[in-house]
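Input: a single structure, listed below in structure tokens.
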Amino acid sequence: MHNKMRQLLQLIIDNHDRDSTIRAESKGDRAAVYMDGVIDPWFGISAHAVGRTLEDIGGLDIDIYLNSPGGDVFEGRAIQTRLKRYTGNVSVHIDGLAASAATTVALGGDRRVIAEGAFWMIHNSWTLGFGDRNDLRKTADLLEQIDDAIGSDYAAVTGEERNQIVSWMDGETWFSATDAKRLGFVHDIFTSDDSAAANNRSAWNLAAYKNAPKALTERPKPEPDARQNRARLGQYIDMLERIG
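Using our numbering, the first residue of the sequence shown is number 1312, and each one after it goes up by one.
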């Protein structure tokens, strides 16, 4: 199995003990949407679920509260498209972490606010892929096009040269809230009790990433039931490797 494919599956498995959820609630003339989890069409927050949620809201301005370690790039792109097509104003609030495909989702908002103590991470795109060598070559070509599209998004909001964006993506670069605002990834920083953002961001298992800051990799061991769920998903990965 291709290493990046395994890393994406590992990200899903490592965080399976924390349910990926999307829920909405009305707040007067606005709506709040909470997206907490891995971006994935099967095991996490999907574009289909986001689309249904937006339909139910019916055009009200939205505050999206996002906390995600990332996931499937194509699903993230589809969610971004749904947010951009939405008729109401969309504000995205990054409560703890927006990594990988979650940054693609965040860029679907008209305004982005990151909590003090939260993080923003960009890198080259990942996705799951199946098929023979010809199928996988096509997938690689698609990923290259997606990287170009994502890089264009980052360049548009930051004003940075493309070679700088490519360098950041190649290097899996993590940005603090201060750096994310300074560079233009977000518009503002929400300043409050930093412990809330710290709790949100540290809840994720980020072992699939190579450069995650130490502050983000220190997390408690999962409860026994969660470990059992992860073990079952691990067996699923082993099965996929044997098939591949």
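The beta-carbon is built from N, C-alpha and C at its ideal position, and this holds for glycine as well.
Please name the residue in G1362, G1339 and M1432 whose C-alpha comes closest to that of M1346. G1362
If you follow the beta strand (DSSP E) that A1410 is part of, which residue opens it and which one closes it? V1401 to A1410
Between A1429, V1403, G1370 and T1364, which lies nearest to F1486 when the distance is taken from Cα to Cα? The option with the nearest alpha carbon to F1486 is A1429.
Quick check on K1492: buried or exposed, where buried means 16 or more other Cβ atoms within 10 Å of its Cβ? Buried, because 16 or more other Cβ atoms sit within 10 Å of the Cβ of K1492.
Residue burial classification, K1532 (beta-carbon count within 10 angstroms, cutoff 16): Legend: pLDDT at K1532 = 49, less than 50; position of this residue unreliable, no value from coordinates given.
Through-space distance from L1408 to P1380, alpha-carbon basis: 6 Å
Contact test: D1481 Cβ vs the ligand FMN heavy atom, cutoff 7 Å: The ligand FMN is absent from the structure shown, which contains no ligand whatsoever.
Look at the alpha carbon of A1426 and the alpha carbon of N1516, and state the distance between them as a whole number of angstroms. 20 Å
In terms of DSSP beta bridges, what is A1343 paired with? E1336 and D1374
Near H1498, what residues of its chain come up, given a Cβ to Cβ distance below 7 Å and the 5 sequence neighbours on each side ignored? R1422, R1423 and V1424
6 Å CB neighbourhood of R1334 in its chain, flanking five on each side removed: Y1345
Per DSSP, which one or two residues make a beta bridge with S1379? A1409
Does the structure place the segment 1391-1407 close enough to the segment 1365-1375 that three or more beta carbon pairs sit under 8 Å? yes
Per DSSP, D1499 is paired with what? Under the DSSP definition of a beta bridge, D1499 partners with V1424.
If I measure Cβ to Cβ from G1355 and keep anything under 6 Å in the same chain, skipping five residues before and after, which residues do I get? S1331, G1348, V1349 and G1382
Beta strand (DSSP E) segment containing F1486, residue limits: T1484 to S1487
Between the C-alpha atoms of G1419 and R1444, what's the straight-line distance to the nearest angstrom? 33 Å
Neighbour-count burial assignment, W1353, 16 or more Cβ in a 10 Å radius: With fewer than 16 neighbouring CB atoms inside 10 Å of its own CB, W1353 falls in the exposed class.
F1496 and V1468: beta carbons closer than 8 Å? yes
State the start and end residues of the unbroken alpha helix (DSSP H) segment that holds F1385. V1384 to R1396
Candidates H1359, A1358, A1360 and D1374: which alpha carbon is nearest E1336's? D1374
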